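Before any comments, here is the structure.
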Amino acid sequence: MSETGHKAQEEHSIIICADDYSLSPGVCDAIENLIERGRVTATSAMTVMPEWPKRARTLKALTKDYPVEVGLHLTLTGPWRLTAFCGTVPESLHALSHRALTRRLESVPIRVEIRAQLDAFEDAWGQGPDYIDGHQHIHCLPVICDELLREVKSRYGTRPWIRNCAAPLHEWNRYNSSPAKEAYLSVIGRRMAAKARALGFRMNDSFRGLYPFTTRRSYESLFHKFLAKPAAIALLHCHPGWVDSSLCERDTLTWPREREFAWLASAACQERLEQTGIKPSCFPGAFATDTF
-1 MSETGHKAQE
9 EHSIIICADD
19 YSLSPGVCDA
29 IENLIERGRV
39 TATSAMTVMP
49 EWPKRARTLK
59 ALTKDYPVEV
69 GLHLTLTGPW
79 RLTAFCGTVP
89 ESLHALSHRA
99 LTRRLESVPI
109 RVEIRAQLDA
119 FEDAWGQGPD
129 YIDGHQHIHC
139 LPVICDELLR
149 EVKSRYGTRP
159 WIRNCAAPLH
169 EWNRYNSSPA
179 KEAYLSVIGR
189 RMAAKARALG
199 FRMNDSFRGL
209 YPFTTRRSYE
219 SLFHKFLAKP
229 AAIALLHCHP
239 GWVDSSLCER
249 DTLTWPRERE
259 FAWLASAACQ
269 ERLEQTGIKP
279 SCFPGAFATD
289 TF
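This is the structure in structure tokens:
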């Protein structure tokens, strides 16, 4: 109890992870800005992008002053591939998912592309990723998750942690605002999580941040729901960015990125975190100052 007789606010931690690093200069700049503000504690890099080698040096310098983990954002959708082998893999998420779920996705092209993207990460970063996830959560799909976990275990043992997108039934729609997507990810993610757990990988316990990007709700109200009832290892994924010509050429997700950035960079966001007793942190054990 404090001197005033009120119990002190219990502090909880949450990993705030910004996806799509190196997608465009504006996305990189916005994410780096949030790292400097202490709002983002992990960022997932798309090593298929031409910006990655140069931006990796900038990000590496930033990690010397700010605690942030950098992971591989495995990318198999869209036109971005590092190997010719992957040309046989569908570019659309719908087609890729259907082929994976019906076990008609060839494993060899996936394996070769995974290795190439990990090589590109190591070449620019100087070491392996702190964690692994997937663009549009494709790392949860059958065949892809099998090849990914096998390659990661072979290269790094169980050191990198893996993003777990599966939510228990009792948590559905409690901490996210996209019920259909949460249900889908929980179904495909459950098998991936079980396999990763059996191999000894560490994972987050709770996955937050899902919402329909076309919503008119403020990101502030969504963020409040994302923070509810912190779990032991909660992960909130987000997509902040500044819109530039490169982003407009490469992705349809544009203005929601600026909306997310505006809230995350605001003083009101910091106040909300302090009021709820939540501290943006890295995965347990990543740094000596972790508070999980």
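The opening residue of the sequence shown carries number -1 in my numbering; numbering runs sequentially from there.
Here a beta-carbon is modelled for each residue, glycine too, at the ideal position from N, C-alpha and C.
Just so it is clear, the structure is predicted and the values come from calculations on it, not from any experiment.
Keeping to the same chain, check which residues put their C-beta closer than 6 Å to that of A40; ignore five residues upstream and five downstream. I13, C15 and E67
Cβ of D27 within 8 Å of Cβ of W240? yes
Tell me which residues share the same chain as C236 and place their Cβ nearer than 6 Å to its Cβ, disregarding the 5 neighbours each side in the sequence. A16, G207 and E258
Looking at the strands, I want to know which residues DSSP matches up with G132. L72
Under the assumption that L103 contacts R97 (Cβ atoms under 8 Å), give the Cβ distance between them as a whole number of angstroms. 4 Å
Contiguous beta strand (DSSP E) assignments of at least 3 residues, all confined to the segment 20 to 75: 40 to 43 and 67 to 72
Taking 8 Å as the threshold (C-beta atoms), are C138 and P107 in contact? no
Who are the near neighbours of E89 in its chain, counting only those whose CB is closer than 8 Å to its CB and skipping five residues on each side? T75, G76 and P77
Could you give the distance in angstroms between the alpha-carbon of T274 and the alpha-carbon of L251? 30 Å
Hey, how far is the Cα of A164 from the Cα of L183? 6 Å
Assign S176 to one of three DSSP states: helix, strand, or coil. coil
With 16 other CB atoms within 10 Å as the buried threshold, where does R37 fall? buried
What does DSSP give as the partner residue(s) for I160 in the beta ladder? I130 and M201
Which residues bound the beta strand (DSSP E) around H235? A232 to C236
With the cut-off set at 8 Å, would you say A365 and T45 are in Cβ contact? With the chain covering only -1 through 290, there is no way to say anything about residue 365.
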